[in-house]
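89 is the number that our numbering gives to position 14 of the sequence shown; each next residue is one higher, with no gaps.
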Amino acid sequence: MTYILRQLEAVILDYLNEDVPGGLVLTGLVGAGKTTRILYLPMWVL
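The structure is reproduced here in structure tokens:
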């Protein structure tokens, strides 16, 4: 499970660091950890 979270974090960071401004909408099952994953992103990204 940790590998999936690290891979997801890398994808999110790559997306947010692109030159084109944009946003991100997370969808998924209740209790899947969407909010928790975002809270653990480095603060310089947010």
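By construction, the Cβ of each residue, glycine as well, lies at the ideal position given by its N, Cα and C atoms. All figures in this text were calculated on a predicted structure; none of them were measured in a lab.
- Note on geometry: alpha-carbon atoms of residue 82 and residue 114 lie some 16 Å from one another.
- Rounded to whole angstroms, the separation of the alpha carbons of residue 80 and residue 106 is 14 Å.
- In the displayed model, residue 83 falls within a helix according to three-state DSSP.
- Close CB contacts of residue 104 within its chain, under the 8 Å cut and outside five residues either way in sequence, are absent.
- Of the residues 89, 109, 116 and 92, the one whose Cα lies closest to the Cα of residue 100 is 109.
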